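Accompanying notes for the structure given below.
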Amino acid sequence: MQFFTDPSITYGTKLMEVFYIVMGLISVYAGVRNFRDDKKDVISRYGTCLFWVLLGVEMAFGRWIPNVANGVIIVVMVLPAIFQKVKKNSDPGPTKAESEANYQAIGMKIFIPALSIGVFAIIGALIKDLGALTGCSIGVIVGVVILYFYNRSNKPIVFLNDSERLLSAMGALCMLPMLLASLGAIFTKAGVGDVIADLVGRVIPQGNVTIGIIVFALGMMLFTMIMGNAFAAITVMTVGIGAPFVLAYGANPALIGILALTCGYCGTLLTPMAANFNIVPVAMLEMKDRFGVIKNQILPALVMIVVQIIYMLIAK
Amino acid sequence: MNYLVLLGILIVIVGFALKLDAILIIFIAAIVTALVGGIGVDGFLTTLGSSFVSNRSMAIFIIILLVVGTLERNGLKDAAAALIGKAKNATPGVIIALYGVMRLVFAAFNVSFGGVAGFVRPIIMPMCTGAIEASGREINDDYVEELKGMASGMENVAWFFGQVLFVGTSGALLVQSTMKPLGYDVDLLQMALIEIPVAVIAVGVAAAYYIVKDRRLRAKYYGNAPAQSATAKEA
Numbered sequence: 034m035q036f037f038t039d040p041s042i043t044y045g046t047k048l049m050e051v052f053y054i055v056m057g058l059i060s061v062y063a064g065v066r067n068f069r070d071d072k073k074d075v076i077s078r079y080g081t082c083l084f085w086v087l088l089g090v091e092m093a094f095g096r097w098i099p100n101v102a103n104g105v106i107i108v109v110m111v112l113p114a115i116f117q118k119v120k121k122n123s124d125p126g127p128t129k130a131e132s133e134a135n136y137q138a139i140g141m142k143i144f145i146p147a148l149s150i151g152v153f154a155i156i157g158a159l160i161k162d163l164g165a166l167t168g169c170s171i172g173v174i175v176g177v178v179i180l181y182f183y184n185r186s187n188k189p190i191v192f193l194n195d196s197e198r199l200l201s202a203m204g205a206l207c208m209l210p211m212l213l214a215s216l217g218a219i220f221t222k223a224g225v226g227d228v229i230a231d232l233v234g235r236v237i238p239q240g241n242v243t244i245g246i247i248v249f250a251l252g253m254m255l256f257t258m259i260m261g262n263a264f265a266a267i268t269v270m271t272v273g274i275g276a277p278f279v280l281a282y283g284a285n286p287a288l289i290g291i292l293a294l295t296c297g298y299c300g301t302l303l304t305p306m307a308a309n310f311n312i313v314p315v316a317m318l319e320m321k322d323r324f325g326v327i328k329n330q331i332l333p334a335l336v337m338i339v340v341q342i343i344y345m346l347i348a349k
Numbered sequence: 063m064n065y066l067v068l069l070g071i072l073i074v075i076v077g078f079a080l081k082l083d084a085i086l087i088i089f090i091a092a093i094v095t096a097l098v099g100g101i102g103v104d105g106f107l108t109t110l111g112s113s114f115v116s117n118r119s120m121a122i123f124i125i126i127l128l129v130v131g132t133l134e135r136n137g138l139k140d141a142a143a144a145l146i147g148k149a150k151n152a153t154p155g156v157i158i159a160l161y162g163v164m165r166l167v168f169a170a171f172n173v174s175f176g177g178v179a180g181f182v183r184p185i186i187m188p189m190c191t192g193a194i195e196a197s198g199r200e201i202n203d204d205y206v207e208e209l210k211g212m213a214s215g216m217e218n219v220a221w222f223f224g225q226v227l228f229v230g231t232s233g234a235l236l237v238q239s240t241m242k243p244l245g246y247d248v249d250l251l252q253m254a255l256i257e258i259p260v261a262v263i264a265v266g267v268a269a270a271y272y273i274v275k276d277r278r279l280r281a282k283y284y285g286n287a288p289a290q291s292a293t294a295k296e297a
């Protein structure tokens with residue numbers, strides 16, 4: 034309660050904490066609904082439930098739990114994920130007939146609640162005490178209210194079940210970015226960045242930001258191609274190359290950081306390791322050439338890596 | 063220098079390259095790094111706990127899902143199909159390019175229509191083959207194979223570069239959380255603004271490339287007769 038009455042904390046931060054509690058409750062609901070979903074084997078029922086409930090506890094109450102205990106909860110939370118016991122549920126989602134009938138009734142107006150999330154995120158970002166993410170969450174609530182007025186059969190339980198269905202479909206892998214960020218924090222604490230800086234510094238000259246930027250950008254692309262995941266690559270590369278060879282010399286961290294990520298996306302476009310984007314569509318569209326998607330992405334990816342390196346060098 | 067701390071990075075690279083379970087890789091890398099880096103079990107749990115809780119912003123997608131599924135239930139995808147369906151008399155290359163532009167604009171607001179499975183396969187590809195038939199030509203499998211590749215490429219380029227324009231996107235949040243322990247505070251809106259020219263160029267380059275490539279392919283498979291196709295389309 035102290036947190037919510039502390040006048041030095043902005044109302045945006047306090048409101049966000051309320052939204053974290055809402056997210057926690059959605060996640061706990063996912064756990065309960067998956068537990069009731071009887072189409073899975075028994076271990077998966079418990080595993081899926083445990084994962085979502087503990088995630089919900091972390092989301093809603095993590096701020097008030099001691100950090101060591103949070104760490105223990107997270108370790109227990111990921112155990113069912115590691116043993117592949119977090120499964121999606123059997124909710125088939127809306128039928129084509131239902132969404133078509135609703136489209137006939139609502140029409141293009143459906144774009145208004147769809148766009149409200151992004152619009153409110155920008156508004157939130159522009160209001161200093163509110164913040165982008167609080168704005169984004171408000172946009173979600175606005176979207177929910179608009180949808181209810183469009184169609185009174187959109188009751189709270191409909192929203193809850195639809196979000197739970199999508200969350201369960203994403204599965205434990207939706208935690209990947211958060212776990213990678215934690216891994217990055219552990220790398221930093223263990224001094225990984227200093228060791229890489231020492232090693233790489235023997236090959237490329239320290240203090241030359243131009244070379245640093247080129248190595249960082251190309252490194253992001255190559256590491257992403259090897260790992261198949263730009264999120265994993267940026268955690269490693271920012272600690273090892275970005276910070277000691279580029280940011281340490283005063284380059285704009287927002288510019289370098291986000292462009293390094295999209296340099297990584299150029300790598301994603303080029304690698305069969307990113308199977309979800311490049312190989313699964315081949316199967317889905319019944320294509321003959323396994324590399325049929327990648328071949329069509331080579332030119333845009335190579336143009337974009339060059340464009341982004343030039344952009345970084347000019348705007349740093 | 064304690065070179066052993068690099069073991070964690072090696073585990074991440076090799077683990078992802080071997081396609082082992084992603085969460086397992088991250089955990090092994092984290093534990094190994096903590097142990098050889100002198101952080102210890104206690105420090106590992108504390109760092110894990112504190113960074114996870116301070117990175118809860120990255121779970122913003124959970125609250126966004128609250129509206130996403132019900133939007134689909136109420137006809138969002140049908141509306142998007144009707145929107146792109148307005149591109150009548152367009153060539154397959156132009157249809158794919160227009161899809162890229164639409165995908166980019168909506169991705170900037172974190173609105174998705176279902177990707178290859180949910181939109182390219184059921185809506186964009188039938189539009190493309192419909193356009194070939196409308197121009198009085200027969201479906202050529204090799205040509206359609208190329209169109210499938212281009213449509214998926216457009217999907218990926220527009221989604222990757224479009225989603226970074228959304229102010230609460232997980233990529234930007236990861237950059238923000240990776241930078242924080244290194245001592246750099248970066249702003250979400252600023253990062254989105256920085257990416258605008260990149261996204262516009264990326265979709266522009268891909269769209270132009272696919273339009274040109276499509277024109278060459280049609281010449282290759284159906285002969286050099288642009289005038290005929292124009293009259294056929296009007297008929």
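If you're matching them up, the sequences are chains A and B in order. So the first sequence is numbered by the numbering used here: it starts at 34 and just counts up by one. So the second sequence is numbered by the numbering used here: it starts at 63 and just counts up by one. Beta carbons are placed, not taken as given, at the ideal position from N, Cα and C, and that holds for glycine. All values derive from a computational prediction rather than experimental measurement.
Cα-Cα separation between residue i and residue j, rounded to whole angstroms
i: B:Tyr161; j: A:Val86; result: 39 Å
i: B:Gly224; j: A:Thr268; result: 21 Å
i: B:Ala159; j: B:Arg280; result: 16 Å
i: B:Ala47; j: A:Ile244; result: Because chain B in this structure spans residues 63 to 297, residue 47 of chain B falls outside the shown range and cannot be described.
i: A:Asn311; j: A:Ile179; result: 36 Å
i: B:Ala179; j: B:Leu133; result: 18 Å
i: A:Gln117; j: A:Ile347; result: 46 Å
i: A:Ile327; j: A:Ala265; result: 21 Å
i: A:Ser196; j: A:Thr167; result: 19 Å
i: A:Phe278; j: A:Val236; result: 12 Å
i: A:Phe37; j: A:Gly140; result: 42 Å
i: A:Leu280; j: A:Asp231; result: 16 Å
i: A:Tyr53; j: A:Arg96; result: 10 Å
i: A:Ala51; j: A:Ala147; result: According to the sequence shown, residue 51 of chain A is Val rather than Ala. Going from the Cα of A:Val51 to the Cα of A:Ala147 covers about 22 Å.
i: B:Leu166; j: A:Tyr183; result: 26 Å
i: B:Val94; j: B:Asn218; result: 35 Å
i: B:Glu195; j: B:Tyr246; result: 56 Å
i: A:Ala263; j: B:Leu72; result: 16 Å
i: B:Ile185; j: B:Pro154; result: 12 Å
i: A:Leu159; j: B:Val206; result: 46 Å
i: A:Ala165; j: B:Pro259; result: 21 Å
Beta-carbon separation (whole angstroms), residue i vs residue j, contact threshold 8 Å
i: A:Ala111; j: B:Phe89; result: The sequence given here places Val at residue 111 of chain A; Ala does not occur at that position. So it is a contact: roughly 6 Å between Cβ atoms.
i: B:Ala170; j: B:Leu227; result: 4 Å
i: A:Ala205; j: A:Phe84; result: 6 Å
i: A:Ile155; j: B:Val229; result: 6 Å
i: B:Ser239; j: A:Ala214; result: 4 Å
i: B:Met187; j: A:Leu318; result: 7 Å
i: A:Thr352; j: A:Thr271; result: In the structure as shown, chain A starts at 34 and stops at 349, and residue 352 of chain A therefore has no counterpart that could be examined.
Closer than 9 Å at the beta carbon, the chain B residues around residue i
i: A:Ser132; result: Glu134, Arg135, Asn136, Gly137, Leu138, Lys139, Asp140
i: A:Phe192; result: Leu128, Val129, Gly131, Thr132
i: A:Thr271; result: Val237, Thr240, Met241, Leu244
Selection from the options that minimises the alpha carbon distance to residue i
i: B:Leu236; options: B:Ala84, B:Val74, B:Arg118; result: B:Arg118
i: B:Arg199; options: B:Phe106, B:Tyr284, B:Leu128; result: B:Tyr284
i: B:Ser214; options: B:Met241, B:Gly177, B:Ile87; result: B:Gly177
i: A:Pro305; options: A:Leu288, A:Gln330, A:Asn103; result: A:Gln330
i: B:Val163; options: B:Thr191, B:Phe181, B:Trp221; result: B:Trp221
i: A:Glu131; options: B:Gly131, B:Gly230, B:Val94, B:Ala234; result: B:Gly131
i: A:Lys142; options: A:Ile115, A:Leu163, A:Gly176, A:Ala158; result: A:Gly176
i: B:Val67; options: B:Leu97, B:Ile273, B:Leu86, B:Leu244; result: B:Leu97
i: A:Thr128; options: B:Lys139, B:Asn151, B:Asn172; result: B:Lys139
i: B:Ile125; options: A:Thr257, A:Ala223, A:Leu199, A:Leu318; result: A:Leu199
i: A:Tyr79; options: A:Val61, A:Ala93, A:Pro314, A:Phe94; result: A:Val61
i: A:Ile289; options: A:Ser149, A:Ile343, A:Met320, A:Val191; result: A:Ile343
i: B:Ile157; options: B:Ala193, B:Asn172, B:Phe175, B:Arg135; result: B:Ala193
Per-residue contacts from residue i into chain A (C-beta, under 7 Å)
i: B:Lys148; result: Under the 7 Å cutoff, chain A gives no residues; its nearest Cβ is about 11 Å from B:Lys148.
i: B:Glu257; result: Ile291, Thr295
i: B:Ser113; result: Ala214, Ser215, Ala218
Chain-ordered chain B contacts of residue i [CB-CB under 8 Å]
i: A:Ser170; result: Ile122, Ile125
i: A:Ile155; result: Val229, Leu251
Within chain A, the residues that residue i reaches when beta carbons sit closer than 9 Å
i: B:Ile27; result: What is shown of chain B runs 63 to 297, which leaves residue 27 of chain B out entirely.
Listed by chain order, chain B residues near residue i by CB distance under 7 Å
i: A:Tyr53; result: Arg118
i: A:Ala158; result: Val229, Leu250, Leu251
i: A:Thr268; result: Thr240
i: A:Pro314; result: Val178, Ser214
Can we say the stretch 36-53 of chain A touches the stretch 64-78 of chain A, given the rule of at least three CB pairs closer than 8 Å?
Short answer: they don't touch.
State whether the stretch 92-111 of chain A contacts the stretch 109-129 of chain B, with contact taken as three or more CB pairs (one from each stretch) at a distance under 8 Å.
Touching, yes.
Count the CB pairs spanning the stretch 244-259 of chain A and the stretch 212-224 of chain A that are closer than 8 Å, and state whether there are at least three.
Short answer: they don't touch.
Taking 8 Å as the threshold, find out whether the stretch 287-305 of chain A comes into contact with the stretch 141-148 of chain B through three or more Cβ pairs.
Contact fails: fewer than three Cβ-Cβ distances are below 8 Å.
Can at least three beta-carbon pairs, one atom from the stretch 119-129 of chain B and one from the stretch 119-131 of chain A, be found at a separation below 8 Å?
Segment contact: the stretch 119-129 of chain B against the stretch 119-131 of chain A, fewer than three CB-CB distances shorter than 8 Å; contact not assigned.
Would you say the stretch 225-244 of chain A touches the stretch 146-155 of chain A, given that touching needs at least three Cβ pairs under 8 Å?
Counting Cβ pairs under 8 Å, fewer than three are found: no touch.
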